[in-house]
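Visitor: Chains as they are written, first to last, in UniProt numbering: chain A, 1 to 116; chain B, 1 to 116.
Below are the structure tokens for one structure; questions will follow.
In structure tokens form, the structure reads like this:
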């Protein structure tokens with residue numbers, strides 16, 4: 001089994017102060033914007049929600065294509081964006097790749113947008 | 001004084017269940033993705049953070065151009081995107097337009113991304 005962990009520069013916002021607590025620096029804004037851009041797609045949000053509700057917050061790529069009604073290459077592209085951005089991790093087991101929610105990644109973005 | 005309130009279809013996600021609590025419908029995913037897209041820009045995040053830390057969470061457009069280092073038309077474009085998406089409201093008072101955080105708008109998006 002191989003597990004792909006996101007490379008450091010793209011890991012879902014380890015940086016940053018919350019948006020509403022003070023002027024964001026240019027570099028904090030760049031990092032948070034990149035994370036939000038990875039999330040700002042209907043297909044990617046649906047894929048995340050399907051993975052999140054799967055047993056163990058992990059799903060086989062073989063179960064992700066049909067529910068979103070997109071081609072396998074398109075789904076793979078979206079999964080790659082979410083993995084690169086640090087929201088999903090990827091494990092290869094036998095024939096299939098499995099995608100799991102990275103614990104805390106969505107919550108970190110959520111916390112940066114909360115105003116209180 | 002005139003106040004621009006966001007038009008209904010673009011108001012920051014009044015819809016939607018949280019991403020991690022069940023499979024999102026296509027229409028919920030579309031609405032949340034549109035809100036995230038409005039936020040997914042470094043200049044817009046910085047503008048929001050400057051407005052948020054201003055007195056009364058409101059700022060004159062005349063005070064928003066210099067801190068982000070962009071031209072006035074570019075700043076106006078970004079403010080329009082944030083207003084259309086329901087994150088800012090706009091009031092005209094005398095010569096200047098003032099932008100205020102729409103209470104609860106960022107928190108609604110934050111809540112939809114939180115996993116617990």
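Note that beta-carbon positions come from the ideal geometry of N, C-alpha and C, so glycine has one too.
For residue 22 (chain A), go through chain B and note every residue whose CB falls closer than 7 Å to its CB, in chain order.
Guide: Here residue 22 (chain A) is taken as the residue at index 22 of the first chain, counted from 1. Neighbours of residue 22 (chain A) on chain B, chain order: 49 and 53.
Visitor: Using a Cβ-Cβ cutoff of 7 Å, what residues of the segment 68-97 of chain A are near chain B? List them in chain order.
Guide: none
Visitor: Output needed for residue 6 (chain A): all residues of its chain with C-beta closer than 8 Å, excluding positions within five of it in sequence on either side, in chain order.
Guide: For the purposes of this step, residue 6 (chain A) is identified with residue 6 of the first chain, where counting begins at 1. With a pLDDT of 48 at residue 6 (chain A), under the threshold of 50, the modelled position of this residue cannot be trusted, and the question is left open.
Visitor: Determine the extent of the alpha helix (DSSP H) in which residue 108 (chain B) is found, giving its start and end residues.
Guide: As a position in the second chain, residue 108 (chain B) is number 108, starting the count at 1. Note, residue 108 (chain B): alpha helix (DSSP H), 105-113.
Visitor: How would you call residue 26 (chain A), buried or exposed, if buried means at least 16 neighbouring beta carbons within 10 angstroms?
Guide: The sequence position of residue 26 (chain A) within the first chain is 26, counting from 1. Exposed: under 16 other Cβ atoms inside 10 Å.
Visitor: Under 8 Å Cβ to Cβ from residue 18 (chain B), same chain only, skipping five residues before and after it: list those, please.
Guide: As a working mapping, residue 18 (chain B) is identified with position 18 in the second chain. Excluding positions up to five away in sequence, the list reads 111, 112, 113, 114 and 115.
Visitor: In whole angstroms, give me the CA-to-CA distance for residue 37 (chain B) and residue 107 (chain A).
Guide: Here residue 37 (chain B) is taken as the residue at index 37 of the second chain, counted from 1. Here residue 107 (chain A) is taken as the residue at index 107 of the first chain, counted from 1. Taking the straight line joining both Cα atoms gives about 18 Å.
Visitor: Contact defined as beta carbons within less than 8 Å: I believe residue 42 (chain A) pairs with residue 29 (chain B). What is the distance between those atoms, to the nearest angstrom?
Guide: Along the first chain, read from residue 1 onward, the residue named residue 42 (chain A) stands at position 42. Along the second chain, read from residue 1 onward, the residue named residue 29 (chain B) stands at position 29. That belief holds up - the Cβ atoms of residue 42 (chain A) and residue 29 (chain B) are roughly 4 Å apart, short of 8 Å.
Visitor: If you draw a straight line from the alpha carbon of residue 8 (chain A) to that of residue 32 (chain A), how long is it in whole angstroms?
Guide: Against the first chain, residue 8 (chain A) aligns to sequence position 8. Against the first chain, residue 32 (chain A) aligns to sequence position 32. For residue 8 (chain A), the pLDDT reaches just 42, beneath the cut-off of 50, and the residue's location in the model is therefore unreliable, leaving the point undetermined.
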